[in-house]
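A quick write-up on the structure given underneath.
2 protein chains.
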Amino acid sequence: MKNQVNLALMGFGVVGSGTLQLLRQHKRNIESRVGARLNVLWVCSRTKKKAPYLNRDIGQTTNWRKAVTDPRVDCVVELFGGIQPALSLVTTALKTGKHVVTANKALLSKHWDVIMALAHKHMRLVYFEASVGGGVPVVQALNEGLAGNRVFKIIGILNGTTNFILTQMEDRALSFDEALEEAKKRGFAEADPSFDIEGIDAAQKVSILSSLAIGQWIKPSQVHCEGITHIQAQDIRLIRHLFKCHVKLLAIAEKRSTGWIFRVHPTLIPESHPFANVRNEYNAISLYGNAVDDVMIYGKGAGRLPTSSAVISDIIFLCRQIAMGTAGQLPYVTSLNGERLHFSKLSQIRCRYYLRVRSLDHPGVLSKITGILGEHHVSIDSIHQDAQDKQNGNKGVPIILLTHENLEANVQASVRAIDRLPSTVSKTVLLRML
Amino acid sequence: MKNQVNLALMGFGVVGSGTLQLLRQHKRNIESRVGARLNVLWVCSRTKKKAPYLNRDIGQTTNWRKAVTDPRVDCVVELFGGIQPALSLVTTALKTGKHVVTANKALLSKHWDVIMALAHKHMRLVYFEASVGGGVPVVQALNEGLAGNRVFKIIGILNGTTNFILTQMEDRALSFDEALEEAKKRGFAEADPSFDIEGIDAAQKVSILSSLAIGQWIKPSQVHCEGITHIQAQDIRLIRHLFKCHVKLLAIAEKRSTGWIFRVHPTLIPESHPFANVRNEYNAISLYGNAVDDVMIYGKGAGRLPTSSAVISDIIFLCRQIAMGTAGQLPYVTSLNGERLHFSKLSQIRCRYYLRVRSLDHPGVLSKITGILGEHHVSIDSIHQDAQDKQNGNKGVPIILLTHENLEANVQASVRAIDRLPSTVSKTVLLRML
Numbered sequence: 159m160k161n162q163v164n165l166a167l168m169g170f171g172v173v174g175s176g177t178l179q180l181l182r183q184h185k186r187n188i189e190s191r192v193g194a195r196l197n198v199l200w201v202c203s204r205t206k207k208k209a210p211y212l213n214r215d216i217g218q219t220t221n222w223r224k225a226v227t228d229p230r231v232d233c234v235v236e237l238f239g240g241i242q243p244a245l246s247l248v249t250t251a252l253k254t255g256k257h258v259v260t261a262n263k264a265l266l267s268k269h270w271d272v273i274m275a276l277a278h279k280h281m282r283l284v285y286f287e288a289s290v291g292g293g294v295p296v297v298q299a300l301n302e303g304l305a306g307n308r309v310f311k312i313i314g315i316l317n318g319t320t321n322f323i324l325t326q327m328e329d330r331a332l333s334f335d336e337a338l339e340e341a342k343k344r345g346f347a348e349a350d351p352s353f354d355i356e357g358i359d360a361a362q363k364v365s366i367l368s369s370l371a372i373g374q375w376i377k378p379s380q381v382h383c384e385g386i387t388h389i390q391a392q393d394i395r396l397i398r399h400l401f402k403c404h405v406k407l408l409a410i411a412e413k414r415s416t417g418w419i420f421r422v423h424p425t426l427i428p429e430s431h432p433f434a435n436v437r438n439e440y441n442a443i444s445l446y447g448n449a450v451d452d453v454m455i456y457g458k459g460a461g462r463l464p465t466s467s468a469v470i471s472d473i474i475f476l477c478r479q480i481a482m483g484t485a486g487q488l489p490y491v492t493s494l495n496g497e498r499l500h501f502s503k504l505s506q507i508r509c510r511y512y513l514r515v516r517s518l519d520h521p522g523v524l525s526k527i528t529g530i531l532g533e534h535h536v537s538i539d540s541i542h543q544d545a546q547d548k549q550n551g552n553k554g555v556p557i558i559l560l561t562h563e564n565l566e567a568n569v570q571a572s573v574r575a576i577d578r579l580p581s582t583v584s585k586t587v588l589l590r591m592l
Numbered sequence: 159m160k161n162q163v164n165l166a167l168m169g170f171g172v173v174g175s176g177t178l179q180l181l182r183q184h185k186r187n188i189e190s191r192v193g194a195r196l197n198v199l200w201v202c203s204r205t206k207k208k209a210p211y212l213n214r215d216i217g218q219t220t221n222w223r224k225a226v227t228d229p230r231v232d233c234v235v236e237l238f239g240g241i242q243p244a245l246s247l248v249t250t251a252l253k254t255g256k257h258v259v260t261a262n263k264a265l266l267s268k269h270w271d272v273i274m275a276l277a278h279k280h281m282r283l284v285y286f287e288a289s290v291g292g293g294v295p296v297v298q299a300l301n302e303g304l305a306g307n308r309v310f311k312i313i314g315i316l317n318g319t320t321n322f323i324l325t326q327m328e329d330r331a332l333s334f335d336e337a338l339e340e341a342k343k344r345g346f347a348e349a350d351p352s353f354d355i356e357g358i359d360a361a362q363k364v365s366i367l368s369s370l371a372i373g374q375w376i377k378p379s380q381v382h383c384e385g386i387t388h389i390q391a392q393d394i395r396l397i398r399h400l401f402k403c404h405v406k407l408l409a410i411a412e413k414r415s416t417g418w419i420f421r422v423h424p425t426l427i428p429e430s431h432p433f434a435n436v437r438n439e440y441n442a443i444s445l446y447g448n449a450v451d452d453v454m455i456y457g458k459g460a461g462r463l464p465t466s467s468a469v470i471s472d473i474i475f476l477c478r479q480i481a482m483g484t485a486g487q488l489p490y491v492t493s494l495n496g497e498r499l500h501f502s503k504l505s506q507i508r509c510r511y512y513l514r515v516r517s518l519d520h521p522g523v524l525s526k527i528t529g530i531l532g533e534h535h536v537s538i539d540s541i542h543q544d545a546q547d548k549q550n551g552n553k554g555v556p557i558i559l560l561t562h563e564n565l566e567a568n569v570q571a572s573v574r575a576i577d578r579l580p581s582t583v584s585k586t587v588l589l590r591m592l
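Right under this line is the structure:
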């Protein structure tokens with residue numbers, strides 16, 4: 159039994175300083191759960207600027223290697239973000255016998271195999287609650303709370319930026335660009351928001367949750383990924399009024415009869431669904447297990463203290479094991495690399511589709527479009543025109559279609575044929591319904 | 159490091175057999191997380207009837223003492239329910255050095271002090287995920303996931319029976335009695351449902367969550383408790399249409415400026431609130447911490463496999479520590495008995511109120527009622543009559559009032575005065591809004 163566990167806090171930005179703040183504020187409670195004193199030996203920041211919350215007991219350095227290889231350090235908390243030097247830092251930590259807490263979704267999703275293999279080889283633990291869902295304790299729930307289940311589906315609103323934009327577009331009838339500006343102003347979008355709005359962030363997070371649930375690395379490149387940049391205020395308004403749905407960027411991992419499929423795309427959510435009220439910067443994740451059916455966890459997906467709270471939770475679990483001398487005797491992530499996985503193609507899924515075709519207002523156009531859908535065996539629930547559209551001076555008229563449940567391959571083939579019609583003036587918008 | 163952990167499964171009803179079923183089905187996954195073989199030594203049932211899922215390796219007995227005091231047993235899983243013999247069983251287990259998993263909310267809420275003190279004295283662990291929220295991993299989230307927080311509020315839909323009844327009343331315009339019958343038919347209500355519909359079950363669960371969050375025993379008797387039997391189909395319909403709200407039985411533990419307050423009562427939930435779509439037998443719990451803000455967990459609050467899944471989760475956490483020899487070195491529940499708690503009275507809360515006054519249709523009645531509210535400084539948002547009521551042949555007419563935010567004491571005093579009016583024909587229904 160050790161009575162002190164030594165930490166190196168790598169990265170001292172928003173989350174790093176929040177973590178140190180919580181470690182101070184809740185020292186007594188946290189240490190009573192760890193069963194030992196927690197001692198921050200090093201804070202490593204990338205600039206020489208004097209960081210707040212530091213006192214003279216804590217060494218400050220810009221040289222990550224110095225902190226990570228310090229033989230007194232038991233646990234390295236990686237909050238640098240990005241791939242390098244985070245990857246070198248984490249692999250060096252594991253090779254020199256340190257356990258790791260990380261909030262780095264890009265690193266984990268892209269180098270899951272390397273990191274988990276090293277952790278396994280050196281019998282070290284890697285905890286990563288803060289990498290998915292900010293303050294939402296989903297990694298713990300999935301890995302431990304539902305361990306008596308076979309998890310066959312994960313559906314999440316995993317990106318706060320896009321959820322904020324879509325909520326603002328609906329609530330305030332903003333255009334995509336206006337909502338994005340608002341998100342930047344409120345600190346919910348970065349200067350270059352492409353990572354979020356194109357769905358890449360959500361794809362990385364669903365890659366991590368899937369790898370954990372399945373026990374094998376699911377690469378971000380295996381996740382079909384669509385962003386939200388093609389969605390217009392018009393779509394949000396029509397979907398709300400015609401179909402009583404909200405639009406959310408969903409990340410989905412699902413075992414279908416044809417195999418596993420991983421995807422991120424904007425999705426119509428009926429207003430009676432628990433996700434319907436997940437608004438603005440909030441995240442929500444539903445886990446489906448054979449025993450519990452569905453469990454949903456909801457909370458702030460980002461932000462300084464929510465994310466720091468998740469880091470603290472990892473520090474408690476990990477340092478308790480370090481204090482007791484059991485850390486690494488059992489792996490945190492179970493590897494089931496021996497099992498052969500089957501994968502499904504996006505073209506094999508079945509769901510309902512929202513289509514917005516923008517077409518010249520010529521006689522016979524509607525019959526051509528419905529004819530194409532009929533040829534491809536796509537059955538239609540309803541067809542609408544947008545009465546408000548003409549005022550906007552757009553070219554052509556929007557034709558809104560909601561299909562019954564259909565095969566994706568057939569719907570995609572129809573859309574390609576519709577987009578080849580001379581009367582179609584812009585690319586048809588296709589959204590799936592949950 | 160032990161390579162086998164021995165269990166005694168006490169109680170072999172719905173959850174007991176479900177637990178054994180999951181232990182079999184997910185044996186490989188569960189044991190890899192425990193790091194040892196799990197061996198069910200005993201199954202204790204209250205009847206001699208041969209139980210299913212048993213093989214000849216497992217001893218079957220109706221004598222709980224024989225199983226619990228078997229020196230080979232490491233962990234006792236208490237699924238008897240009720241107070242006795244469950245209390246003797248748990249205390250005997252702790253005194254003879256066994257760790258305990260229990261799903262027993264009545265036992266824990268009523269004897270929290272005795273059980274936790276014994277666990278502490280004998281350095282044993284008591285895990286109880288299944289006692290609150292069925293398959294919803296809220297105990298773990300509260301105790302460990304949010305350990306870096308000071309939790310100042312817990313709000314939950316903790317009782318599946320009442321939530322099912324209220325959902326059915328709304329969706330199908332059923333009376334309370336009709337909805338209760340439906341709940342019984344579907345297995346969501348017991349033959350004697352008073353425990354659920356009077357809020358006692360929810361009060362016991364909020365007692366457990368509060369005791370855990372605060373670190374001191376909050377007795378069920380400290381929870382102000384109102385059930386749902388006075389709610390009529392009329393209330394549900396009017397609240398839905400006039401105020402765009404749903405009615406849910408909420409359990410609330412909250413630290414207000416005047417102190418902690420614990421209460422269970424039916425509550426108006428605005429339709430944009432995340433709880434609005436928690437329907438039928440589902441439960442949801444929101445935890446408010448100073449770092450994470452709010453985290454909500456949602457899932458099936460009862461049922462054979464969801465509850466068994468929670469028991470399995472406890473077995474994994476606990477038996478992993480038993481296998482490693484560290485179980486009990488740190489307590490699972492942190493006791494903060496030294497801290498002096500301040501309590502608030504129900505009369506001190508402030509919220510909006512829904513009042514349904516049933517009154518004779520005499521001239522001047524409305525002015526008397528509004529006069530009484532005015533005298534008590536209760537400000538009114540809107541007053542309505544129920545146009546559909548006259549067809550029902552009820553005595554008097556219902557007057558529906560929604561107040562602004564007011565002090566509970568003033569609203570209660572007004573209601574007492576209104577109920578003393580000769581024109582008032584039945585007790586006024588008072589519901590609070592979230």
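Same order as they appear, the protein sequences are chains L and E.
Be aware that the first sequence starts at 159, since it is given in the working numbering, and climbs by one per residue.
Be aware that the second sequence starts at 159, since it is given in the working numbering, and climbs by one per residue.
Note that beta-carbon positions come from the ideal geometry of N, C-alpha and C, so glycine has one too.
Asked	Found
Chain-ordered chain E contacts of L/Met482 [CB-CB under 7 Å]	Thr484 and Gln487
Simplified DSSP assignment, three categories, for E/Gly174	helix
Secondary structure of L/Trp222, DSSP reduced to three states	helix
Within chain L, partners of E/Asn307 - CB distance below 7 Å	Ser467
Beta-carbon proximity of L/Asn435 to E/Ala434, cut-off 8 Å	yes
Identity of the residues DSSP links to E/Asn435 by a beta bridge	DSSP, once it has assigned bridges, lists no residue as partnering E/Asn435.
Min CB distance L/Phe286 to chain E below 8 Å	no
Reduced DSSP secondary structure (H/G/I, E/B, other) of E/Gln424	Here residue 424 of chain E is Pro; the residue named in the question, Gln, does not match the sequence. Here E/Pro424 sits in strand by DSSP.
E/Trp270 - DSSP class collapsed to helix/strand/coil	helix
Bounding residues of the beta strand (DSSP E) (the contiguous stretch that carries L/His99)	Given that chain L is displayed from residue 159 to residue 592, the structure contains no residue 99 of chain L and the question cannot be resolved.
Per-residue burial, L/Ile241 [other beta carbons within 10 Å of its own, 16 or more giving buried]	exposed
Simplified DSSP assignment, three categories, for L/Thr227	coil
Cβ separation of E/Ser471 and L/Glu302, assumed to be a contact under 8 Å, to the nearest whole Å	7 Å
Beta-carbon gap between L/Val272 and L/Met168 smaller than 8 Å	no
Local conformation of L/Glu236 per DSSP, three classes	strand
Distance between L/Ser537 and L/His562 (C-alpha atoms, nearest Å)	6 Å
L/His534 and L/Ala571 closer than 8 Å at C-beta	yes
Residues that L/Tyr456 contacts on chain E, provided the C-beta gap is smaller than 9 Å	Pro432, Ala442, Ser444, Asp452, Val453, Met454, Ile455 and Tyr456
Beta-carbon proximity list for E/Leu565, same chain, < 6 Å, skipping 5 on both sides	Arg508
Collapsed DSSP secondary structure at E/Asp350 in the structure displayed	coil
Nearest candidate by alpha-carbon position, reference E/Tyr285, set E/Ser246, E/Lys256 and E/Asn307	E/Lys256
Within-8 Å CB hit, L/Thr492 to chain E	yes
Best match in L/Gly357, L/Val450 and L/Ile386 for proximity to L/Pro378 [C-alpha to C-alpha]	L/Gly357
Neighbour flag for L/His184 against chain E, beta carbons, 8 Å	yes
Minimum Cβ-Cβ distance from E/Phe475 to chain L less than 8 Å	yes
L/Phe501 burial status per 10 Å Cβ neighbour count (16 or more: buried)	exposed
Terminal residues of the alpha helix (DSSP H) in which L/Asn187 lies	Lys185 to Val192
Cβ-based burial, L/Lys279 [other Cβ within 10 Å; buried from 16]	exposed
Same chain, Cβ closer than 8 Å to L/Lys458, neighbours up to 5 away in sequence not counted	Gly292, Gly293, Val294, Gly318, Glu439, Tyr440, Asn441 and Pro464
Burial state of L/Leu265 (16 or more Cβ within 10 Å)	buried
7 Å Cβ shell around L/Val523 - same chain, five flanking residues per side excluded	Ser517 and Ser581
Outcome for L/His399 when other beta-carbon atoms lying within 10 angstroms are tallied against a minimum of 16	exposed
E/Leu396 versus L/Arg330: straight-line alpha-carbon distance, rounded	28 Å
Under 9 Å (Cβ pairs) to chain L, residues found in the segment 291-307 of chain E	Gly292, Gly293, Val294, Pro295, Gln298, Ala299, Asn301, Glu302, Gly303, Leu304, Ala305, Gly306 and Asn307
Closer than 8 Å to chain E by CB, L/Ile188	yes
For L/Asp472, the three-state DSSP class (helix, strand or coil)	helix
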